[in-house]
Each structure stands twice: as C-alpha cells, then as structure tokens.
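Visitor:
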Amino acid sequence: MSSGISDNRRNLLDALGWAGRESSNAAVMYHTAMSALLGLGVTEWKALDLLQRRGPLTAGELSQQTGLAPASVSGLVDRLEAKWMVRRVRDLKDRRRIIVEINPDQFASPEAVAVFEPLMRGLAGLYDTYTDEQLELILDYLTKAAAVQREATAILTAQEKGS
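Residue numbering for the sequence shown follows this note's numbering, starting at 209 and increasing by one per position.
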C-alpha cells in the first residue's frame with residue numbers, strides 16, 4: 209500500500225464511486241422518462257423543478273441556476289409558457305423586472321401528483337429501513353455531494369464561456 213490507503217478503504221471508495229454513477233444514471237433516466245411523459249424536454253423539466261423548489265425567479269436567476277445562456281433561458285421560458293407550465297409576471301417591487309413562476313394549476317392536479325406516487329412510495333419504504341442517525345448521515349452526504357457537483361458544474365460552465 210504505497211498510497212497509505214487500506215485495501216478495505218480503497219474497495220469502499222471504488223464501490224462508492226460506482227454506486228454514485230449508478231445513482232446518477234438512474235436519476236437521469238427517471239427524469240428523462242418523467243419529462244417525456246409530461247411532454248417536456250429534460251431541461252424544461254429541471255427548470256420547473258428549480259422553480260418549484262426555489263420559488264419564482266427572474267430569467268437572469270434561472271440562467272445562473274441552470275448555467276444556461278440568457279438567450280437559451282428566454283427560449284426555455286417561451287416553451288414552458290406556451291405549454292401553460294409557467295407564466296411571466298411583473299415584479300411588484302421593480303416593475304421593470306419580469307419574474308417567472310410556476311402555473312400552480314399544472315402541478316396541483318391529481319394526475320400530476322399520481323405520476324410521482326411510485327417513486328415517493330418506494331423512497332418512503334427505503335427511508336423506513338434507516339435509523340434517524342443514519343438518515344442524518346445520508347442527508348449530510350447528499351447535501352455536500354450536491355454542493356461539490358454544483359461547484360464542478362460552475363467550473364465547466366466558466367470553461368465553456370471562456371472558450
């Protein structure tokens with residue numbers, strides 16, 4: 209062991225890397241299937257997810273959150289607006305600003321909720337197999353891993369813009 213890492217740790221790190229890739233692939237495939245079922249592109253679907261989790265955003269904020277160029281965000285919002293998924297509203301504090309918000313009627317319908325039921329039921333069953341302390345550790349890992357991935361995405365986006 210020239211690197212100072214035990215065989216057990218090396219095996220665990222290899223398995224963790226593999227499991228992370230499997231999880232990432234499963235998430236991409238799920239969201240691809242979900243977006244297709246809803247008649248959306250994956251980018252449209254994930255933009256809606258951002259709006260649902262973070263609340264109404266300006267086009268500039270959407271650009272920052274997604275890493276998409278402003279012109280791409282304009283087209284994205286146009287497509288979502290044409291599908292009645294979002295609407296543009298004037299910012300009440302600064303009438304010059306336009307805010308993009310989810311059309312709540314599209315996401316509150318029983319049909320929309322039913323689409324997520326199998327995943328939610330499966331995850332609830334999985335969570336039941338862990339103690340509260342284990343769930344805290346999993347939450348900590350997922351939160352920190354997402355931050356690492358966002359940072360790596362920002363680096364890639366900056367490299368793309370610099371090209």
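For each residue, glycine too, the CB sits at the ideal point set by N, CA and C.
As the structure is a computational prediction, the values presented were derived from the model and not from experiment.
1) Quick check: G263 and E309, are their CB atoms within less than 9 Å of each other?
2) Can you name the residues that DSSP bridges to R298?
3) Along the alpha helix (DSSP H) that carries T337, what are the first and last residues, could you check?
4) Can you have a look at V281 and say buried or exposed, based on whether 16 or more other CB atoms are within 10 angstroms of its CB?
5) For the segment 246-262 against the segment 346-355, do three or more pairs of beta-carbon atoms, one drawn from each stretch, fall closer than 8 Å, so that the two count as touching?
6) Does the Cβ of A223 have 16 or more other Cβ atoms within 10 Å, making it buried, or fewer, making it exposed?
Guide: Result, derived from the coordinates:
1) yes
2) I306
3) Premise fails: T337 is in no alpha helix (DSSP H) and is neither H nor E.
4) buried
5) no
6) Only exposed fits A223, as fewer than 16 other CB atoms lie within 10 angstroms of its CB.
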